[in-house]
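If you read the sequence shown in our numbering, its first letter stands for residue 79, the second for the next number, and so on. Backbone N, C-alpha and C fix where the C-beta goes; we use that ideal spot for every residue, glycine too. To start, the structure itself, in structure tokens.
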Amino acid sequence: VDITINVRRENPVERVMELTNGVGADMVIECTGQPGPVVEAFDMIRKNGRLSINGVYHESVAIPLNKIVQWNMIITGPKAEGGWAMERAIPLLADGRLNLKPLITHKFSLDDVNEALDTFINRKGGAIKVIIKPGGVE
């Protein structure tokens, strides 16, 4: 990760295009679960670029299929069990029958995102769940 953009302060598509001289980003990671940002993400990616879609969406989202094909984009999702697993887990978490806190092995600030990704990918220090907190770690 080279750059992060605060979408409350600046237009993400314009900023990406400015930073890349109009080429677009090599990779965009979308985690909001909101239709608007995931559609915007397609306008930020360069030809042959990658988009990782990690949000949970509660409605259908129209995506530019022709652009994906014509620009040879690679679209991926998370390594997860899917929404059905969350639907089953939420009641267990809500009433205290399931405690996932021991699975959170590492916490990093957004400034340390590259170290966080390396820790997770290479399972450093027995990493299970690595959390990146934009506001800093507690």
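Contact check, Leu97 vs Ile81 under 8 Å by CB: the rounded distance?
6 Å
Between which two residues does the beta strand (DSSP E) harbouring Leu129 extend?
Ile123 to Ile131
Can you give the beta carbon distance from Val116 to Gly133, rounded, assuming they're within the 8 Å contact cut?
7 Å
When you compare the CB positions of Ile131 and Gly155, do they come within less than 9 Å of one another, or not?
yes
Does DSSP put Glu108 in a helix, in a strand, or in coil?
strand
Any chance the segment 140-152 sits against the segment 169-180, with 3 or more Cβ pairs inside 8 Å?
no
Name the two residues that bound the continuous alpha helix (DSSP H) containing Phe198.
Val191 to Ile199
Starting from the C-beta of Asp104, find all residues in its chain whose C-beta is less than 6 Å away, skip the five residues before and the five after it, and write them out in chain order.
Gly127
How would you label His136, buried or exposed, when you count the other beta carbons within 10 angstroms and need 16 or more for buried?
exposed
Assuming Phe120 contacts Ile141 under a Cβ cut-off of 8 Å, what Cβ separation, rounded to an integer in Å, is found between them?
7 Å
Assuming Leu181 and Lys207 make a contact with CB atoms under 8 Å, what is their CB distance in whole Å?
5 Å
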